[in-house]
Structures are given as C-alpha cells and as structure tokens.
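For what it's worth, the numbering used here labels the leading residue of the sequence shown as 2, then goes sequentially.
Virtual Cβ for every residue (Gly too), placed ideally from N, Cα, C.
Here is the structure we will look at.
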Amino acid sequence: MAGRIRRSDIDEVRARINIADVVGEFVTLKSAGIGSMKGLCPFHDERSPSFHVRPQVGYYHCFGCGEGGDVFTFLQKLDHVTFAEAVERLAGQIGFELHYEDGGPAADHSNRARLLAANEAARVWFTEQLTTDGADAGRRFLGERGFDAGAAERFGVGYAPQGWDNLGKHLRSLGYSNEELSTAGLTSTGERGTYDRFRGRLVWPIRDQTGQTVGFGARRLYDDDKGPKYLNTPETPVYHKSQVLYGLDLAKRDIARSRQVVVVEGYTDVMACHLAGITTAVATCGTSFGVEHIKVMRRILGDDTIGLGEVVFTFDPDAAGQKAALRAFSEEQRFAAQTYVAVAPDGLDPCDLRLGRGDDAVRRLIASKKPMFEFVIKQKLANYNLNTVEGRAAGLRDAAPVVADIRDPALRPGYTRELARLLGVDISEVSRAVSQSGGTSGGAGAGSGGPSGSSAAGGTASTRSVSQPGGAEEIIPAHIVPAPVATVSLTSLPSTTSVRLERDALMAMLQYPTSVGRDLLVRASGVGYSNAALAAVRDAIALSIDAFDRPDWVGAIVEAVAPQYKGLVEQLAVAPIPERPERELDVYLRRVTSSLIERHLVRRKEEVKGQLQRTDAATEPDARRVLERELMQLEADRRAIQMD
C-alpha cells in the first residue's frame, strides 16, 4: 500500500500557499477590512457576498451556507478531489517535492486525477499532430477562418488524425488503461474493438477555470465523416458540460477586472473575439446556456450589486438565435449585472464578422449591444400585427410581463414608455397592463435564488454576526467545557459587552496568534468566560497551544472542539477584525486580548476582597495572609497587563 504524505510536508505546502490565490481562481475576492477578503460563495447561489477568506489564517468560511475550512478543504469540496490529491496539486503548483511515510511512493491517484492526466496527455498529442503532413485539412480550416499558427497555439487547437486508434495506442504506451481512456471519453468500443472518439477532426481542448483539460470539442473536416458537425467529450467524472464554459480559463481575469462577460456560440467565435480584443468572451460546450453556467459566471464577475456588471449575449438573427435569446432571457433575473444582446449585421457570427470586416467590426458589435429587455420586447412584438387593435392588445399582453420583470425600479418606467411607443398606445394603458401582469415573462423570479431572492440573507448575516449578536449572559469558569447539543454560530451569540469582548479576543487569537504572542495566549485561555460556546473555543486554544505558530493552528482548534462548535471556530477565524485601518493592528490585537485578561483579574480581585472581608483575622490569620498576598499579586498583574 502506498505511503501517506508526511505531516511536515503538508504543513509546508499549507504555509507556502496563499489561500486567496487558490480561491481567487474560482471567486472574485474584494477587501473586507483588515486582513479579510470576501466574495460570492462558490458552494451556493447568493446575491450578496457572505464568503470570507483570511489569507493569514489560511481559512475560509461562508456565513450563508456554513461551508468552511482550509485551502485543502476548499479544493476537496469544489473540485471533488481527495485530501491527498489536493495536497499533491498544490505542491505541484509551487514545485515542492512531497515525501511519504515509510519511504513509499505517492498515494495512488484517484480515478479523477488519472482522467485529468490522460486528457492532458491527449491535448499535448493533438497539438503535436496539427504540425504533421496529415493535418493539412485542419490547418486549411483554421487559415480560411483567419487563424494562423500563433492563434492555434494560443488556444491549444490540435488535430485528431484519421485512422482507428492512433490516440489510444499512444496513451496506452504511456500507461493508461482502456478503461481509463473510455471513462475519460477519449475512446469508444464497437464491434471491431476500441477506437478513438475523435478522428479526422480539428480539436479544441476544453479547460476548467483552473486551466486543467477536462474534455475536448472536435469539428468535422472530411466529407466522408458521417458524424455530427461538432462532437464533444461525453459526460465524464471530470467533464460536465452544464458547468463548463470554453475560454473561461483565458478570460476569467479580464472578466473580473472589467466586470463584463461576453457569451458567444462557438469555439471559433471565442477565438475571434479574443484576437479582436474582446478578451472576456466565453462559450458553452455543446449545450444550451443554463443555470449552472450562470453560477460560474456570477462568481467570476463578482456579481453582487445590481447594475454594476454586464453580460453580453451574441446570437444569430435567425429563428434558432431568437430562440436561444429567449431561453437566455428566461434566466436573466439570476444576474445582478445588466444583460445585453448583440446581433451582428447580415447574420454574421463573430468569427465570420472578423474574417470579412476585421477586428474593429467585432469590437463595434459588442459596443452596439442592446439591453436584453429591449431585445426581448421587440422579439415578442414582432409576432403580432400591430396595425390592428387585436394585434396591439395581444402584443401588450405578451410584452407587459417582460417590463414587470425588470429588477431595477429606476428602469421600469422608461421601458413602460418605450413599450407604449412601440405599440402606439397610451402609456396609462401599458402601465395598467404591467401592474396587472405581476412579472410572468419566464424570468427566474424572486424565489429562484437570484439577485431578487432570499439568499441575500447570507450576505447580511456575515455583517450582523460581527456587530449585532443577541442573547443572554452566563459566567463560565475557565477549563470547564460545556456541551450544548445545538450547533452554535456567531449570529446566536449574546449581545452583551462581555461576550463581545470575548468574541473579539478569540478572533484576535485565532487569526493572529503570533502577533498576540504565546504568553498572552496562555493567559487568555485560562480566564473565565461569560458564554458557554466561546468558553469551549477558549479551552480548545488551551489544548492546542503548542500549535500556535504552525500553519494548521486553526485546524488544530477545529479538531479540538466538539462538533457543534466547529463552525463557530471557522467563523471566528475569518470574521472581519473590528479595528480601524489607521490604527496599528498589532497594538489592537494585544490590547483586546489583554483587556480580556484584565477583566478576569478585576473580577478575581473583587472575589478575593469579599473572601478577605469574610475571613476573621483572629481565628484565620493564615488564610487572611494567603488572600492578602493573592490580592497584591492580582493588582500587580493588573497593572502589568495595562502597561503591556
């Protein structure tokens, strides 16, 4: 059996990797205060960002759905890889050589890792084949569409030669089994045995947003090929067409920076747009644009504020393009961004437009975009004879729900007037129809989890949980671990001055342990707390104190607490520090921790004073001396902590 990765190596990888860089491959993160970043959660659909990341701590937590963990957990949950695979992937990114217990080799790669490796090997082979003599048809196809060798290399375009199992033979020589190649969708099996899925075709690698090759799209080149014009990888453990956007790995940074995404219909359209300077273009892969695509795009866009971003769809002006536009409109309300439609003149797609009229024509196409609502209203009215009373009435009934569905109330009156103008009827008549329709045009609607939905509660909870918790107060002595059954979160904490101090001190200790220092950590984990849940976290800190300067500090505490407190630890580890940026952070961290210790000393001092008053000097002189010495020491400690 293969050895396990050494713990010291895992810690080293964790220390060298910035979790914000890894998460940033999937989520657009913004500053959320000192040392904190936030974005839209990749694990659930939400309107307002409730997903927080603390790079220094190496932890993330979503205050909306409760998902949290370290950088390895993030990859495990998002990419469905094992812990070992997550460590190995990140180690590979930083060029760190892993070692294994008992001197064993790397743990066996899961099927997923093998499939990804097979796809990457196939990608390399396809690109090499494009330069061979047999690939003339492929190179000619690219040249006729305005793509030279540099463009082919930029997008990784390759060629699958004619034949039976050329790719299969090559990959089997590299150690891949027939079962693995079949599962990856690279080969198929028929009456004559195993054969390549892609033969005699131009091939585009389909990558996920991290750049890993998960599948392929292939275009027919030869007349004797009776297969479909475009053939894609089938559904596999690593390729899910409803969740993949071609070109996203190349476009994601510009999408996040410009807050714009352009959705086109094919691989060559993506290439044409990027080469023309529209570097935010992506395309679906053999399937209609759907909800899962929207979730991916919104995370990259940072789509959390109505009207700030824009999504531009390009459609052919024919019947199929109109149908696709209406299908996209049915999901339009899932975006907070404004949505637009760009239709090229003469029915040209971006690739043909660039070929015939140049790069500038592609740029003008996107610049001439029309709002999605305007486009859909006109599409609906085009179905009616507006020269008749009956036609105008039917058109109004069909188009009024579109106006009612408009999220931005500032835009709705303008579109009401525009609809009245297009119909040639009084605006009051249109206003009544819009009000009565209630928004039934087929959009996602408020309850669908889109920007109008209730998922916004997740975003506001993260702010409220820090500044306005509510509940009761109870004094819990140090080192007594409570065990309530219910799961505890920041939102359920009492809203008292005492609890807020405990919460803020724990946030400081969890997020910046080395700045607080071991001495204060030890002392703060031995004082009394007023809240049972926070006392449980305190005790876990006391148990894990030797890990305070290790990369897995928070992980050690998560492991040390009862299950109902694990989420609370993760929340405390990523919640924004309540400190003004202009003040020195280290001063605040030590001060808030010292304040907790000082509170304990003051309380204990009052207790000793009471005991001293109840102790008779004549009959209990030794007990009084002990209490007096303790009282003096407490006062000395209090003064020392104030000066720290």
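Beta-ladder partner(s) of residue i, from DSSP
i	result
Phe52	Gly40 and Cys63
Trp205	Gly218
Phe314	Val264 and Val342
Leu251	The partner list for Leu251 (beta bridge, DSSP) is empty, contrary to what the question assumes.
Lys371	Val342
Leu544	Per DSSP, none; premise fails for Leu544.
Ile6	Tyr101
Leu246	Thr285
Gly191	Gly194
Ser32	Met38
Distance CB(residue i)-CB(residue j) smaller than 8 Å
i	j	result
Ala219	Arg202	yes
Arg300	Val28	yes
Lys370	Ala343	yes
His294	Leu246	yes
Val377	Thr315	no
Ala273	Cys352	yes
Glu503	Asn532	yes
Ala434	Asp427	no
Pro206	Arg124	yes
Ala660	Val215	The structure shown does not extend to residue 660, since the chain is modelled only from 2 to 645, so the question has no answer here.
Ala138	Gln130	no
Ile256	Leu309	no
Leu91	Val82	no
Val528	His601	yes
Met510	Thr594	yes
Gly287	Tyr231	yes
Gly157	Thr128	yes
Start-to-end residues for the beta strand (DSSP E) that takes in residue i
i	result
Tyr160	Gly159 to Ala161
Val283	Ala282 to Thr285
Gly357	No beta strand (DSSP E) holds Gly357; the alpha helix (DSSP H) holding it covers Pro351 to Arg358.
Gly93	No beta strand (DSSP E) contains Gly93, which is instead part of the alpha helix (DSSP H) from Phe84 to Ile95.
Asp71	Gly69 to Asp71
Nearest-angstrom Cβ-Cβ length linking residue i and residue j, presumed shorter than 8 Å
i	j	result
Asp197	Gly169	6 Å
Gly65	Glu47	5 Å
Ile20	Gly59	5 Å
Ile367	Val263	6 Å
Tyr177	Val575	No, Tyr177 and Val575 are not in contact; Cβ-Cβ is about 41 Å, not under 8 Å.
Arg15	Val72	7 Å
Ala525	Ala506	6 Å
Val609	Glu631	5 Å
Arg355	Ala345	Not really, about 10 Å apart at Cβ, beyond 8 Å.
Gln261	Glu311	5 Å
Leu116	Pro238	6 Å
Arg519	Tyr530	Not quite, the Cβ-Cβ distance comes to about 20 Å (not below 8 Å), so this is no contact.
Thr488	Gly568	6 Å
Val517	Arg591	6 Å
Boundaries of the alpha helix (DSSP H) in which residue i is found, first to last residue
i	result
Asn120	Asn112 to Gln130
Pro229	Pro229 -> no alpha helix (DSSP H), and no H or E assigned at all.
Asp399	Val390 to Ala405
Glu608	Leu586 to Arg615
Tyr196	From DSSP, Tyr196 is part of no alpha helix (DSSP H) but of the beta strand (DSSP E) over Gly194 to Asp197.
Asp520	Arg519 to Ala525
Ser499	Thr498 to Gln512
Gly151	Ala150 to Phe156
Asp22	Ile20 to Val24
Buried or exposed by the 16-neighbour rule on C-beta atoms within 10 Å, applied to residue i
i	result
Ile95	exposed
Asp134	exposed
Asp550	exposed
Arg8	exposed
Ala411	exposed
Pro478	No answer about Pro478 holds up, because its pLDDT of 49 lies below 50 and its placement is not dependable.
Glu474	Because Glu474 sits at a pLDDT of 40, beneath the cut-off of 50, its placement in the model cannot be relied upon, and the following sentence gives the value as read from the coordinates. That one is exposed.
Lys242	buried
Lys31	exposed
Ser496	exposed
Pro229	exposed
Gln437	exposed
Trp554	buried
Met649	Past the edges of the chain, shown from 2 to 645, lies residue 649, and the structure says nothing about it.
Leu251	buried
Leu628	buried
Ala641	exposed
Asp209	buried
Leu635	buried
Ser456	With a pLDDT of 33 at Ser456, under the threshold of 50, the predicted position of this residue should be treated as unreliable, though the coordinate-derived value follows. Buried.
Leu41	buried
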